[in-house]
Amino acid sequence: MLYAQVVLPLAQPMYTFSLDEGLAVEVGDAVVVQFGSSRYYTGIVWSISSTVPDYPRIKPILRKLYSRPLVSPEARRMWEWMADYYMCTVGEVMRMALPSLAKPSASSLAELDERSIEPPMEGYVALAEELRTEEALATYVERHARRAPRRTQLMDSIAAMALECRSDDGFVPRRLVDASAEQLADLRKRELIVVERRPVVRGGGDDRFLLPELSEAQQRALQTIRAAHAEERVALLHGVTGSGKTEIYIHLIAEQLRLGGDVLMLVPEVVITSQLIERLERIFDGRTTTYHSHLTALRRGQTFLRLALSGGGELIVGVRSSLFLPLRSGAIVSVDEEHDPSYKQSDMQPRYNARDVAVMMGKIYGAHVVLGSATPALESYVNALAGKYAYVELTERWGEAVLPEVVVSDTLRAVKRGERKTHFNFDLLRLIRRSLDDAKQTILFQNRRGYAPYIQCRTCGYSPRCPHCNVTLTEHRTTRRMECHYCGYTMERPSVCPNCQTQDIKTMGFGTEKVVEEIARLFPEAHVERLDGDTSTSERAFKNIVKRFESGQTDILVGTQIITKGFDFGGVTTVGILNADNLLSTPDFRASERAFQLMMQVAGRAGRRHDRGSVVIQTSQPKHPVIQHVASGDYHAMARTELAERKAFGYPPYAHLIRLLLRHEDYEVLRYASHTLADELCRRFGARVMGPVSAAVEMLRGEHRSEIMLKIESGASMSRARQLLSQALKVVGDNPKYKGVKINVDVDAS
Ligand code: ADP
Ligand code: ZN
Numbered sequence: 034m035l036y037a038q039v040v041l042p043l044a045q046p047m048y049t050f051s052l053d054e055g056l057a058v059e060v061g062d063a064v065v066v067q068f069g070s071s072r073y074y075t076g077i078v079w080s081i082s083s084t085v086p087d088y089p090r091i092k093p094i095l096r097k098l099y100s101r102p103l104v105s106p107e108a109r110r111m112w113e114w115m116a117d118y119y120m121c122t123v124g125e126v127m128r129m130a131l132p133s134l135a136k137p138s139a140s141s142l143a144e145l146d147e148r149s150i151e152p153p154m155e156g157y158v159a160l161a162e163e164l165r166t167e168e169a170l171a172t173y174v175e176r177h178a179r180r181a182p183r184r185t186q187l188m189d190s191i192a193a194m195a196l197e198c199r200s201d202d203g204f205v206p207r208r209l210v211d212a213s214a215e216q217l218a219d220l221r222k223r224e225l226i227v228v229e230r231r232p233v234v235r236g237g238g239d240d241r242f243l244l245p246e247l248s249e250a251q252q253r254a255l256q257t258i259r260a261a262h263a264e265e266r267v268a269l270l271h272g273v274t275g276s277g278k279t280e281i282y283i284h285l286i287a288e289q290l291r292l293g294g295d296v297l298m299l300v301p302e303v304v305i306t307s308q309l310i311e312r313l314e315r316i317f318d319g320r321t322t323t324y325h326s327h328l329t330a331l332r333r334g335q336t337f338l339r340l341a342l343s344g345g346g347e348l349i350v351g352v353r354s355s356l357f358l359p360l361r362s363g364a365i366v367s368v369d370e371e372h373d374p375s376y377k378q379s380d381m382q383p384r385y386n387a388r389d390v391a392v393m394m395g396k397i398y399g400a401h402v403v404l405g406s407a408t409p410a411l412e413s414y415v416n417a418l419a420g421k422y423a424y425v426e427l428t429e430r431w432g433e434a435v436l437p438e439v440v441v442s443d444t445l446r447a448v449k450r451g452e453r454k455t456h457f458n459f460d461l462l463r464l465i466r467r468s469l470d471d472a473k474q475t476i477l478f479q480n481r482r483g484y485a486p487y488i489q490c491r492t493c494g495y496s497p498r499c500p501h502c503n504v505t506l507t508e509h510r511t512t513r514r515m516e517c518h519y520c521g522y523t524m525e526r527p528s529v530c531p532n533c534q535t536q537d538i539k540t541m542g543f544g545t546e547k548v549v550e551e552i553a554r555l556f557p558e559a560h561v562e563r564l565d566g567d568t569s570t571s572e573r574a575f576k577n578i579v580k581r582f583e584s585g586q587t588d589i590l591v592g593t594q595i596i597t598k599g600f601d602f603g604g605v606t607t608v609g610i611l612n613a614d615n616l617l618s619t620p621d622f623r624a625s626e627r628a629f630q631l632m633m634q635v636a637g638r639a640g641r642r643h644d645r646g647s648v649v650i651q652t653s654q655p656k657h658p659v660i661q662h663v664a665s666g667d668y669h670a671m672a673r674t675e676l677a678e679r680k681a682f683g684y685p686p687y688a689h690l691i692r693l694l695l696r697h698e699d700y701e702v703l704r705y706a707s708h709t710l711a712d713e714l715c716r717r718f719g720a721r722v723m724g725p726v727s728a729a730v731e732m733l734r735g736e737h738r739s740e741i742m743l744k745i746e747s748g749a750s751m752s753r754a755r756q757l758l759s760q761a762l763k764v765v766g767d768n769p770k771y772k773g774v775k776i777n778v779d780v781d782a783s
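Letter by letter, the sequence shown follows residues 34 to 783 in the working numbering.
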């Protein structure tokens with residue numbers, strides 16, 4: 034009899050099941066098992082042995098799913114590494130790594146049908162049948178060349194490409210035709226061409242792509258990255274916004290696909306990256322697969338299964354969870370905007386950072402890793418300085434575009450001199466005026482959605498707060514309600530103060546809704562739109578707003594973080610950062626770094642083509658070092674200042690932070706548990722323990738929250754630290770007094 038250790042998608046250790054004779058199961062296979070009296074789960078076979086386990090009543094594996102293993106040896110090593118490093122079970126990694134339909138039996142026994150999985154398809158075009166002979170085309174071209182030269186040229190080039198590709202039937206891959214979607218649609222409407230989708234053919238000389246020609250600087254950067262990869266080193270591509278990092282990725286991707294290898298390109302958020310994806314799909318067509326949470330569970334399941342069973346030679350563009358898609362070893366993994374906080378999963382285990390896991394994949398998969406950013410995370414920068422990563426810098430924008438001019442506009446001084454209207458300094462209003470007059474566009478960034486972050490009674494000072502979370506409620510004018518931005522609780526806006534019954538309730542601060550209202554009043558002729566979490570609730574709504582801005586219908590776009598990432602709009606000449614103060618004042622050791630990154634990203638939206646852009650930063654602290662560094666665009670200076678502070682106070686990248694978040698409904702129970710845990714930790718870690726303190730959000734969804742931080746200096750053994758931490762957690766976990774206290778462990782918390 035053989036026995037299999039099986040991982041279940043639970044925060045539990047592995048369990049042993051028996052393998053009936055005749056059931057051919059190998060390590061990495063997905064199998065169905067019964068767990069408890071009536072629950073069924075999909076598990077992954079982790080190991081097989083003939084040693085009889087020393088407990089009774091071993092249940093059998095019920096059946097095997099799919100014809101081949103879902104989890105490769107490399108992926109198993111990665112899951113194990115993650116479970117160890119982020120302090121969770123392999124089952125918790127599995128729960129997140131496999132899309133729900135690849136692990137079907139948790140709720141039902143439905144599974145994906147392998148036969149339903151379609152091979153990737155790509156577009157092909159051919160001239161209309163009657164034009165496929167040389168004479169017919171020549172006659173057509175002769176007749177139309179004068180009136181429609183572009184059209185006939187394009188048709189000529191399709192015919193030439195068919196010859197070049199030795200196409201039997203006149204069809205050529207659409208990706209090799211240098212034409213816009215509109216041009217092809219026009220030809221198709223005139224019935225001059227036919228378009229078809231066909232399965233992707235790999236190899237056989239058909240892996241050609243139309244690549245952008247690189248500038249000299251880009252070419253050098255590409256060489257350096259290749260050289261780093263030849264030495265199995267990670268490359269950090271530090272390129273200012275608009276320097277053409279994407280073009281460099283495109284060349285790397287093409288090389289890899291020609292070799293039949295896989296490419297994984299991680300992006301912070303897929304919807305935001307729709308422009309990038311369109312660009313990649315245009316070049317790589319059917320070899321591009323996107324993966325993110327907006328896809329249906331079926332699509333995600335099919336993608337996973339297709340890659341596990343037959344993948345290879347694909348470009349996957351996706352969010353952090355695409356790290357778990359089945360990749361071939363020797364892949365290329367690129368992490369775009371590697372500094373982005375959304376690479377860190379912080380709401381459930383494993384609380385991993387996708388960038389760090391990607392670097393680990395380099396080791397486990399023999400993958401070639403590129404981290405790219407205009408403002409690298411200090412962790413990555415330090416690794417580059419230390420020579421661990423190859424460092425590749427692009428300091429100039431591509432082509433004629435130059436970096437924008439940055440104006441630091443002192444809000445207090447503007448108020449004193451009467452040079453401010455509501456929330457806008459005259460410096461900014463002048464530039465908006467100029468952009469409007471030149472038929473150019475403006476982006477205004479305000480880091481708060483809603484109308485006002487809170488309202489307050491002028492008589493007694495009362496502000497409505499969320500009854501479940503200890504935070505003020507944000508006023509929303511569009512919905513006419515007060516909303517908690519942590520749990521979604523809403524209530525009507527009070528017109529009379531519930532505390533003192535007066536009617537003098539005032540809005541405090543300002544969010545994007547209010548900015549739109551005021552800008553529309555100041556520039557009544559302008560088309561103003563808002564892009565934030567409230568207006569882009571669906572991918573469609575989001576894309577429509579972006580389309581209208583891209584096509585120039587919208588003059589002024591007001592938005593939150595969403596507008597800072599990746600957009601490449603030609604017409605933007607003015608960018609306003611409306612309140613830099615609230616970026617600088619967050620209580621977080623990363624506040625300065627984040628504020629710098631965010632402001633540089635927003636600023637990077639300006640002047641991306643011919644016209645030089647201007648950026649106005651409104652702040653009451655014009656001398657603040659971060660503001661100064663943004664003004665001079667000097668990343669290295671920011672890094673020097675910030676790294677000196679981090680070193681002095683023992684923060685990352687000079688230490689690892691482990692955050693322990695404790696939660697319980699009963700404040701007293703929580704308090705005792707927190708102190709007991711802190712005591713246990715102090716006995717083991719001494720001065721490395723900070724806290725317990727109330728968490729930044731003290732109460733969330735009715736639970737009280739407290740926090741303990743562990744600072745483990747670089748160079749100390751992290752595995753020893755994890756071991757000691759587990760011991761301390763066990764002491765608290767085993768104490769019946771603290772039953773029900775939930776403790777989240779966040780390694781490399783930020
Ligand atoms: P980044 O990702 O570094 O911010 P992008 O790759 O988006 O920069 O490039 C900025 C702009 O410059 C884009 O519109 C892009 O098409 C253009 N561009 C950059 N490099 C090239 C190139 N080699 N050939 C053609 N266009 C380029
Ligand atoms: Zn709430």
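Each residue gets a CB set at the ideal place from its N, CA and C atoms; glycine is no exception.
These figures come from a predicted structure and were not determined experimentally.
Check whether the Cβ atoms of residue i and residue j lie closer than 8 Å to each other.
{"i": "LYS744", "j": "ALA688", "result": "yes"}
{"i": "VAL296", "j": "ALA364", "result": "yes"}
{"i": "PRO359", "j": "GLY344", "result": "yes"}
{"i": "LEU411", "j": "VAL273", "result": "no"}
{"i": "SER442", "j": "VAL649", "result": "yes"}
{"i": "VAL227", "j": "ALA181", "result": "no"}
{"i": "MET115", "j": "PRO383", "result": "yes"}
{"i": "LEU269", "j": "LEU225", "result": "no"}
{"i": "VAL605", "j": "ALA639", "result": "yes"}
Could you work out which residue in the options is closest to residue i when comparing CA atoms only?
{"i": "VAL764", "options": "SER752, GLY773 and THR709", "result": "THR709"}
{"i": "VAL548", "options": "THR593, GLU107 and GLU175", "result": "THR593"}
{"i": "ILE81", "options": "ASP389, TYR73 and VAL39", "result": "VAL39"}
{"i": "GLY521", "options": "ASP62, LYS473 and LEU506", "result": "LEU506"}
{"i": "GLN634", "options": "ARG645, GLY609, THR652 and ARG642", "result": "GLY609"}
{"i": "PHE544", "options": "ARG513, SER584, ASN577 and ASN612", "result": "The residue you asked about is not Phe; residue 544 is Gly in the sequence shown. It is ASN612."}
{"i": "TYR785", "options": "THR511, PRO527 and ARG498", "result": "For residue 785 there is no data in the structure shown, the boundaries of the chain being 34 and 783."}
{"i": "VAL440", "options": "ILE660, GLN335 and SER752", "result": "ILE660"}
{"i": "THR257", "options": "HIS401, ALA161, ARG231 and LEU694", "result": "HIS401"}
{"i": "PRO685", "options": "GLY748, GLU736 and MET154", "result": "GLY748"}
{"i": "LEU436", "options": "ARG241, ASP380, VAL663 and SER571", "result": "VAL663"}
So, is residue i buried or exposed, given that buried needs 16 or more other C-beta atoms within 10 angstroms?
{"i": "PRO725", "result": "buried"}
{"i": "ASP471", "result": "exposed"}
{"i": "LEU142", "result": "Note that LEU142 scores 49 on pLDDT, short of 50, meaning its location in the model is unreliable and no value can be drawn from it."}
{"i": "HIS327", "result": "exposed"}
{"i": "THR75", "result": "buried"}
{"i": "ALA254", "result": "buried"}
{"i": "GLN756", "result": "exposed"}
{"i": "LYS598", "result": "buried"}
{"i": "LEU243", "result": "exposed"}
{"i": "TYR771", "result": "buried"}
{"i": "THR444", "result": "buried"}
{"i": "SER140", "result": "Because SER140 sits at a pLDDT of 49, beneath the cut-off of 50, its placement in the model cannot be relied upon, and the point is left open."}
{"i": "VAL234", "result": "exposed"}
Should residue i be counted as a contact of ligand 4 given a C-beta to heavy atom distance under 7 Å?
{"i": "PRO245", "result": "Absent from the structure shown: ligand 4. Ligands present: ligand 1 and ligand 2."}
inquiry  = Extract the residue ranges of the beta strand (DSSP E) inside the region 386-436, only unbroken runs of 3 or more that lie entirely within it.
reply    = 401-406 and 423-427
message = Under 8 Å: do the region 661-671 and the region 455-471 share three or more Cβ pairs, one atom per stretch?
response = no
Uninterrupted beta strand (DSSP E) stretches inside the region 206-235 (no shorter than 3 residues) = 226-232
ask   = What are the uninterrupted segments assigned as alpha helix (DSSP H) that are 4 or more residues long and contained completely in the region 51-86, given in chain order?
value = none
key: Complete alpha helix (DSSP H) runs within the region 272-360 (minimum length 4 residues, chain order)   = 278-291, 307-317 and 330-343
ask   = Is the region 54-72 close to the region 98-109, with three or more CB pairs under 8 Å?
value = yes
task = Examine the Cβ distances between the region 170-177 and the region 277-285 and report whether three or more of them are shorter than 8 Å.
result = no
Every unbroken alpha helix (DSSP H) within the region 453-540, with a cutoff of 4 residues, ordered by chain = 459-470
ask   = Mind pulling the beta strand (DSSP E) runs of 3 or more residues that sit fully within the region 648-678?
value = none
Any 3 or more C-beta pairs closer than 8 Å across the region 637-654 and the region 680-687 = no
message = Check whether the region 474-490 and the region 533-540 are in contact - that is, three or more C-beta pairs closer than 8 Å.
response = yes
inquiry  = So, does the region 521-532 touch the region 550-565, judging by three or more C-beta pairs under 8 Å?
reply    = no
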